[in-house]
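This report concerns only the one structure given below.
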């Protein structure tokens with residue numbers, strides 16, 4: 025039985041596999057451009073102070089800093105005029121807030137539903153304990169930087185100063201035409217009621233999930249019942265499409281337990297598309313609860329319609345650094361659609 029508190033903040037842990045490609049330092053350096061983004065992951069986590077000095081010496085301006093605690097990853101945009109040290113402080117603050125909220129919501133969901141199966145209760149308590157351990161680590165030691173998002177030119181500049189591996193990130197999600205005859209449901213009224221759709225869908229698409237969207241956050245959970253379509257080159261993106269450009273903008277912070285997670289915010293036509301993806305979809309597991317979280321900044325309009333979609337992509341060739349090597353293959357129909365602010369559970 026699905027319930028609001030039981031499903032809304034249900035998240036799960038997975039082991040993250042790492043696909044990597046070594047960097048070389050003799051390449052010609054392209055001009056800086058955030059249209060060609062590359063994620064670099066360090067062989068050893070770096071302290072904020074040490075990394076900031078390396079970046080200044082290498083004349084590198086990161087687009088984003090990333091921290092990881094096991095399978096839990098989080099990132100923060102480096103805004104213009106803000107130092108890496110200041111950005112790391114913002115990342116720590118936002119990460120603490122998210123982890124604390126997630127632990128509370130998981131514990132509340134267990135207390136709210138005494139009929140929850142024993143195995144699921146155990147799984148959720150393990151997850152709550154693990155997130156709590158991450159929270160204690162962040163509070164006690166702060167955040168070390170485990171990766172950066174760079175443009176291609178800065179990736180080449182950095183290669184001579186620190187060891188890392190890298191992989192390309194997509195430049196933006198591909199929007200599909202609106203679904204014919206789609207009626208945006210009014211069930212997203214905060215009750216957490218399940219929105220039941222056809223259970224016949226793309227074989228690679230998530231099976232069920234939850235959606236919680238307001239002007240401050242997009243928090244999604246979901247799981248797959250079939251991952252046979254994901255190969256070694258596959259990528260997956262989980263999209264929150266907001267049909268009101270005046271509702272909210274990306275707030276700069278994201279978190280996820282997807283394998284090799286990254287954020288990708290696309291602004292296309294009249295739609296804001298807030299997206300977190302996996303660059304290594306082949307490591308996604310069946311019946312594991314994944315989550316994506318993106319902070320938002322309120323704009324002038326207090327309501328919007330939202331659609332949740334998934335997108336399958338691939339990398340070709342697999343070793344390519346350039347974002348132009350990422351290709352979208354297919355996009356789901358609307359896995360759910362609802363008014364925002366609201367929360368609901370869904371099956372697709």
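In this note's numbering, the protein residues as written are 25 to 372. Note that CB positions come from ideal geometry on N, CA and C, so glycine has one too.
| query | Does the beta-carbon of residue 342 have 16 or more other beta-carbons within 10 angstroms, so that it is buried, or is it exposed? | reply | For the purposes of this step, residue 342 is taken as the residue at position 318 of the chain shown. Per the 10 Å Cβ criterion, exposed.
| field | Contact between the segment 76 to 84 and the segment 225 to 241 (3+ Cβ pairs under 8 angstroms) | value | The answer is no - the segment 225 to 241 does not touch the segment 76 to 84, with fewer than three Cβ pairs under 8 angstroms.
| message | Within a Cβ cutoff of 6 angstroms, which residues of the same chain sit near residue 212, ignoring the five residues on either side of it in sequence? | response | Working through the chain shown from its first residue, we reach residue 212 at position 188. Legend: pLDDT at residue 212 = 39, less than 50; position of this residue unreliable, value from coordinates given subsequently. Excluding positions up to five away in sequence, the list reads 362, 363, 366, 368.
| When 171, 149, 325 are compared against residue 135, the one with the closest alpha-carbon | As a working note, residue 135 is residue 111 in the chain shown. For the options 171, 149, 325, the alpha carbon positioned closest to that of residue 135 is the one of 149.
| query | When burial is assigned at 16 or more other CB atoms within 10 Å of the CB, is residue 83 buried or exposed? | reply | Position 59 of the chain shown, counting from 1, holds the residue named residue 83. Exposed is the call here.
| said: When you measure from the CB of residue 108 to every non-hydrogen atom of the ligand MN, does any distance come out below 7 angstroms? | reply: The ligand content of the structure shown is nil, which means the ligand MN is not present either.
| Of the residues 87, 274, 91, the one placed nearest residue 67, counting alpha carbons only | As a working mapping, residue 67 is identified with position 43 in the chain shown. Comparing Cα positions, the closest option is 91.
| Pair within 8 angstroms by beta-carbon distance, residue 309 and residue 266 | Here residue 309 refers to the residue found at position 285 when the chain shown is read from its first residue. Here residue 266 refers to the residue found at position 242 when the chain shown is read from its first residue. Their beta carbons are not under 8 angstroms apart, which means residue 309 does not touch residue 266 by this criterion.
| query | Per the contact definition of three or more C-beta pairs closer than 8 angstroms, is the segment 297 to 307 in contact with the segment 229 to 236? | reply | Counting C-beta pairs with one atom in each stretch, the segment 229 to 236 and the segment 297 to 307 have fewer than three that are closer than 8 angstroms, which means they do not touch.
| residue 66, DSSP secondary structure in three states | Locating residue 66 in the chain shown gives position 42, counting from the first residue. Correct three-state label for residue 66: strand.
| Can you list the alpha helix (DSSP H) stretches of 4 or more residues lying completely in the segment 123 to 200, in chain order? | Taking only runs of at least 4 residues, the alpha helix (DSSP H) segments lying wholly in the segment 123 to 200 are 142 to 165, 176 to 182.
| said: Using a Cβ-Cβ distance cut-off of 8 angstroms, determine whether residue 171 contacts chain B. | reply: Going by chain labels, chain B is absent from the structure shown, which holds only one protein chain.
| Could you check where the alpha helix (DSSP H) with residue 82 kicks off and where it finishes? | Taking the first residue of the chain shown as position 1, residue 82 is located at position 58. Under the DSSP assignment, residue 82 falls in the alpha helix (DSSP H) whose first and last residues are 72 to 82.
| Outcome for residue 313 when other beta-carbon atoms lying within 10 angstroms are tallied against a minimum of 16 | As a first step, residue 313 is located in the chain shown; it is residue number 289 there, counting from the start. Buried is the call here.
| Going by DSSP, what residues sit across from residue 299 in a beta bridge? | The count along the chain shown starts at 1 and reaches residue 299 at position 275. When DSSP reads this structure, residue 299 sits in a beta bridge with 263, 288.
| What residue does the beta strand (DSSP E) around residue 275 start on, and which one ends it? | Numbered from its first residue, the chain shown carries residue 275 at position 251. DSSP places residue 275 in the uninterrupted beta strand (DSSP E) bounded by 272 to 280.
| task | Check the DSSP bridge columns for residue 351 and list the partner residues they point to. | result | For the purposes of this step, residue 351 is identified with residue 327 of the chain shown, where counting begins at 1. Partner(s): 338.
| task | Reducing DSSP to helix, strand and coil, say where residue 106 ends up. | result | Locating residue 106 in the chain shown gives position 82, counting from the first residue. The three-state reading of DSSP puts residue 106 in coil, since its state is none of H, G, I, E or B.
| said: Please report the straight-line C-alpha distance between residue 306 and residue 106, rounded to a whole angstrom. | reply: Along the chain shown, read from residue 1 onward, the residue named residue 306 stands at position 282. Along the chain shown, read from residue 1 onward, the residue named residue 106 stands at position 82. Going from the Cα of residue 306 to the Cα of residue 106 covers about 36 angstroms.
| said: Can you tell me where the beta strand (DSSP E) holding residue 321 begins and where it ends? | reply: Residue 321 sits at position 297 when you count from the first residue of the chain shown. Residue 321: member of the beta strand (DSSP E) spanning 314 to 322, first to last residue.
| message | Taking its Cβ as the centre, do 16 or more other Cβ atoms sit within 10 Å of residue 32, making it buried, or is it exposed? | response | As a first step, residue 32 is located in the chain shown; it is residue number 8 there, counting from the start. Its pLDDT being 36, under 50, residue 32 is placed unreliably in this model, and the coordinates cannot settle the point.
| request: Report the option in 355, 280, 352, 113 whose CA atom is closest to the CA atom of residue 165. | output: Walking along the chain shown from the start, residue 165 turns up at place 141. Taking only the C-alpha atoms, the option nearest residue 165 is 113.
| Between residue 210 and residue 185, what straight-line distance do the alpha-carbon atoms span, to the nearest angstrom? | Position 186 of the chain shown holds residue 210. Position 161 of the chain shown holds residue 185. Residue placement at residue 210 is flagged as unreliable, the pLDDT there being 37, under the threshold of 50; the coordinate-derived value follows with that caveat. If I take the Cα positions, the gap works out to 54 angstroms.
| For residue 139 and residue 69, the rounded distance between their alpha carbons | Here the question's residue 69 lines up with position 45 in the chain shown. Here the question's residue 139 lines up with position 115 in the chain shown. Residue 139 has its alpha-carbon roughly 42 angstroms from the corresponding atom of residue 69.
| query | Which residues in the same chain as residue 172 place their Cβ atom closer than 7 angstroms to its Cβ, once the five residues preceding and following it in sequence are excluded? | reply | Counted from its first residue, the chain shown places residue 172 at position 148. Contacts found: 64, 86, 88, 89, 90.
| request: Grab me the residues of residue 353's own chain with a C-beta within less than 7 angstroms of its C-beta, minus the 5 sequence neighbours each way, in chain order. | output: Here the question's residue 353 lines up with position 329 in the chain shown. The answer, listed in chain order, is 336, 337, 338.
| Just how far apart, CA to CA, sit residue 108 and residue 170? | Stepping through the chain shown from its first residue, residue 108 is reached at position 84. Stepping through the chain shown from its first residue, residue 170 is reached at position 146. Rounded to whole angstroms, the separation of the alpha carbons of residue 170 and residue 108 is 13 angstroms.
| field | 7 angstroms CB neighbourhood of residue 100 in its chain, flanking five on each side removed | value | For this step, residue 100 is matched to residue 76 along the chain shown. So the qualifying residues of the chain are 88, 89, 111, 114, 115, 118, 276, 277.
| So, helix, strand or coil for residue 10, using DSSP? | Not covered by the structure: residue 10. The range shown for the chain is 25 to 372.
| Whole-angstrom C-beta distance between residue 62 and residue 174, which should lie under 8 angstroms | Here the question's residue 174 lines up with position 150 in the chain shown. Here the question's residue 62 lines up with position 38 in the chain shown. Between residue 174 and residue 62 a beta carbon distance of about 5 angstroms is seen, short of the 8 angstroms cut, so the two are scored as contacting.
| query | Would residue 311 be called buried (16 or more neighbouring beta carbons within 10 Å of its own) or exposed? | reply | Translated into the one-based positions of the chain shown, residue 311 becomes position 287. Exposure of residue 311 is indicated by the presence of fewer than 16 other C-beta atoms within 10 angstroms of its C-beta.
| Three-state secondary structure assigned by DSSP to residue 400 | No statement about residue 400 is possible, as the shown extent of the chain runs from 25 to 372 and does not include it.
| Hey, how far is the Cα of residue 230 from the Cα of residue 281? | For the purposes of this step, residue 230 is taken as residue 206 along the chain shown, with counting starting at 1. For the purposes of this step, residue 281 is taken as residue 257 along the chain shown, with counting starting at 1. The straight-line gap separating the alpha-carbon atoms of residue 230 and residue 281 is approximately 15 angstroms.
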